[in-house]
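Chains as they are written, first to last, in my numbering: chain A, 1 to 230; chain B, 1001 to 1230.
Quick reminder that beta carbons are idealized off the backbone N, C-alpha and C, glycines included.
From a predicted model like this one, the values you see are computed outputs, not experimental measurements.
Number of protein chains: 2
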Amino acid sequence: MDEMNKRLKMNSREKNILAGTPLMAALGKPALQHMTEIATVVHFEARDILAREGDPAEYFYCVLTGYVRLFRLSRDGREADIRICGPGETFGECLLYLGPAYRYHIQAAETVTVARFELSKLRKLADEDRDIARFIMQSMAAHLVNIMDCVANDRLQTAPQRLAHYLLTSCPQNSTSASIRLPFQKSLLAGKLGLAPEALSRAFSSLKRAGVTVRGRLILINDVGALRQI
Amino acid sequence: MDEMNKRLKMNSREKNILAGTPLMAALGKPALQHMTEIATVVHFEARDILAREGDPAEYFYCVLTGYVRLFRLSRDGREADIRICGPGETFGECLLYLGPAYRYHIQAAETVTVARFELSKLRKLADEDRDIARFIMQSMAAHLVNIMDCVANDRLQTAPQRLAHYLLTSCPQNSTSASIRLPFQKSLLAGKLGLAPEALSRAFSSLKRAGVTVRGRLILINDVGALRQI
DNA sequence: CGGTGACTTGACTACTCTCAATTTCGGTGG
DNA sequence: CCACCGAAATTGAGAGTAGTCAAGTCACCG
C-alpha cells in the first residue's frame, strides 16, 4: 500500500508546517534546509498501516496533518496505544541509534500527511550538524518525560482523573471556564488515555457533576477549578 | 542529608564499574576519561531521598551498586514507580536539554553508591565530544523503548503475565529451566511491575501451576516454555 | 430522509487494590 | 547455636475500577 501513496518533495505549505513545529523552530535556517532536502511527503487514509512492529526501521516521521497512532498488539489481538501523534509531532527518533526494527505498529487514525526522513540519511545529517543532533536529543527527551508521565498517571489515576487531566492540559491557562473541541475521535482519546471507549464515555458522564458538558466533539467546562480537584 | 555523604573522586574499583556499564563501554578511552574527571561518588542508605520532584535538576546519575527508585507521588500520597535503576544504569539524561527540575522523586531502595555528574559540566562535555553526545542519545533511546514497553505491558497484561514476562527476561536465553535470584526485595519488584506487593504475591502463587517455585528471593522455573504461554 | 459508523448505556465479569491478620524471613544479641 | 525481634511477605475478605458484550441512541453525510 505504501507504493500507492504519492511521494513528493515538500511544497511550501508543507515546509511551513514542518518549520512551525516547536522543536524544528529551534533549528537554524541551514539545518532546516538540510532536513527538508531529505524529506519526503506521504499521504495516508484512515486505518492505513504505515509500518508494523518488527518491520525493519527505515524512517523517522513528522506528522504534518491528521493523527497517527503508535500501538502494540497482544497475542490475543487486543491493542494498546503507546502514543498519539498530531501535527508537528515526531516519532521514530529512538530508532536512529537503536535496534533495526520498529517496536510498535504505526497506523493513520484518519487522513494524514507525514514527512518522512530516511534514518540512514538523518543519521548522517545528525553526525554532521550539531543543531540537528541537538534537535533529536530534545525531542527524545520530551517524549521520555511525556511517557514517564503516562506511566505514572496510568498507575495513579482513575479514568475520570485521567480525563480531567487531559482536559486541563487542553484548556488555555488561567481560565475559569473553557470550551474545547476534541481534535480527534473519542475512541482515539480513549486509547490515548489507556481506556476502552466505554470507560471514556463513563468518565465523561462522571465529570458531569463537575460541570463538564459534552456535545459531540465539543466539551464545555464550567469550572476549571472544580476539575482540578478531581 | 546530602552533605552528610562523603563526596569523593572515584577509586579504581568504581571506575571499573562505570567503565563496565554497557553504554559507557562504547565510549573511547578519552571520553571515558573526561566522564570520570567530572564524576563524584556518593553513598546513600536505604530510603534516603536523592532528590524530590520539583527540585532544581543538578545531576545526571549512574548507579554503581544497589538499586534506586524513580517514582511519582499522587496527591493522596500513593506512590507509583516509574523506573528501578540497578548497577550500571543511568538516569537524568532527559534533564540535560530539558526543564529545570526533576520530574520524579529519587530514592535509594537499599544501600547504594552512585556516580554523579553535574548537568552543566556534562552538557559542556557533550557539546565538545561527539562520543559522549552519542552515548547520551543511545541511553535515552534505550530508556524510551523500555518505557514504551512498560506502557504497553501495563495496558495489555495482567499481573501474572507481567511477572512471567519479567522472569523470562531474567532467564538465560534458550534454557528449558532456570533458577533466578531476585536482585532486590519483592516489594520493589512489585512497584516495578506496577503492582501492590499483595498482587505480586498472588501472581507468584498463580504461577505455581506453571511450575514456578519461590523460596525467598530464589525462583525456580521448571519449564520456561510453559511460562511463555501465559 | 435514511444509513452507517460512532458513541452511550446497562449488565455482568474479571482483576487489582485496600485493609487486616498471620506467617515467614533475615539479622542480632544473648 | 538458639531465641527473639522487626520487617517483609503471604493470605483472606471485601470493595472499587475497568473490561467485555450486547443493545440502543446519536451524529454526521450523502
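Which residues DSSP lists as bridging residue i, in chain order
i	result
A/E79	A/L73
A/Y59	A/E118
B/L1218	B/R1181 and B/R1215
B/A1101	B/P1056
B/V1068	B/C1085 and B/A1108
A/A133	Note: A/A133 sits in no beta bridge, so no partner.
A/F44	A/V112
B/T1090	B/C1062
A/I49	A/Q107
A/A39	A/F117
Distance between residue j and residue i (C-alpha atoms, nearest Å)
i	j	result
B/L1218	A/A210	50 Å
B/G1086	B/A1019	15 Å
B/L1144	B/L1188	21 Å
A/G194	B/A1152	9 Å
B/R1157	B/A1203	One detail in the question is off: residue 1157 of chain B reads as Gln in this sequence, not Arg. Roughly 12 Å separates the two Cα atoms.
A/R181	A/A141	28 Å
B/L1064	B/R1047	17 Å
A/S74	B/C1150	13 Å
B/A1231	B/A1199	Limits of chain B in this structure are 1001 at one end and 1230 at the other, which puts residue 1231 of chain B out of reach.
A/Q173	B/P1183	45 Å
A/A196	A/R130	43 Å
A/I106	A/L50	5 Å
B/S1206	B/N1222	15 Å
A/G28	A/G225	40 Å
B/Q1229	B/L1168	11 Å
A/A273	B/L1098	The first residue shown for chain A is 1 and the last is 230, placing residue 273 of chain A beyond what the model contains.
A/E3	B/L1227	At A/E3 the pLDDT is 44, less than 50, meaning the model places this residue with poor confidence and gives no usable figure here.
A/D148	A/S170	Strictly speaking, residue 148 of chain A in this sequence is Met, with Asp absent from that position. Roughly 19 Å separates the two Cα atoms.
B/G1216	A/S179	55 Å
B/M1001	B/H1165	Summary for B/M1001: the model assigns pLDDT 45, below 50, so the residue's position carries little reliability; its value from the coordinates is reported in the next sentence. Near 38 Å, if we compare the C-alpha coordinates of B/H1165 and B/M1001.
A/E45	A/E79	20 Å
B/A1190	A/I17	44 Å
B/E1110	A/S177	47 Å
B/R1052	B/V1068	13 Å
A/M24	A/S175	29 Å
Proximal residues to residue i (C-beta, below 7 Å), its chain only, five neighbours per side dropped
i	result
A/I82	L70, F71, R72 and Y104
A/Y59	G92, R116, F117, E118 and L119
A/K192	D81 and I84
A/R162	N153 and L193
A/K186	P197 and L200
Reference residue i, options the options, closest by Cα
i	options	result
A/Q138	A/N16, A/R13, A/T21 and A/M10	A/T21
A/D127	B/L1125, B/R1134 and B/L1193	B/R1134
A/R13	A/T36, A/L27, A/L23 and A/A26	A/T36
B/C1094	A/A25, A/A26 and A/N146	A/N146
B/A1031	B/I1017, B/I1132, B/V1068 and B/K1186	B/I1132
A/N11	A/S201, A/V41 and A/R52	A/V41
Burial state of residue i (16 or more Cβ within 10 Å)
i	result
A/K208	exposed
B/K1015	buried
A/Q33	exposed
B/P1056	exposed
B/R1155	buried
A/A39	buried
A/P160	buried
B/G1066	buried
B/G1077	exposed
Nonlocal neighbours in the same chain, by C-beta distance under 8 Å from residue i, ignoring five residues either side
i	result
B/I1054	The sequence given here has Gly at residue 1054 of chain B, not Ile. Within the same chain, B/G1054 has close Cβ partners A1101 and Y1102.
B/L1096	F1060, L1119, L1122, R1123, A1126 and I1136
Own chain, CB closer than 6 Å to residue i, minus 5 neighbours either side, in chain order
i	result
B/L1122	F1060
A/T213	L220
B/E1089	V1063
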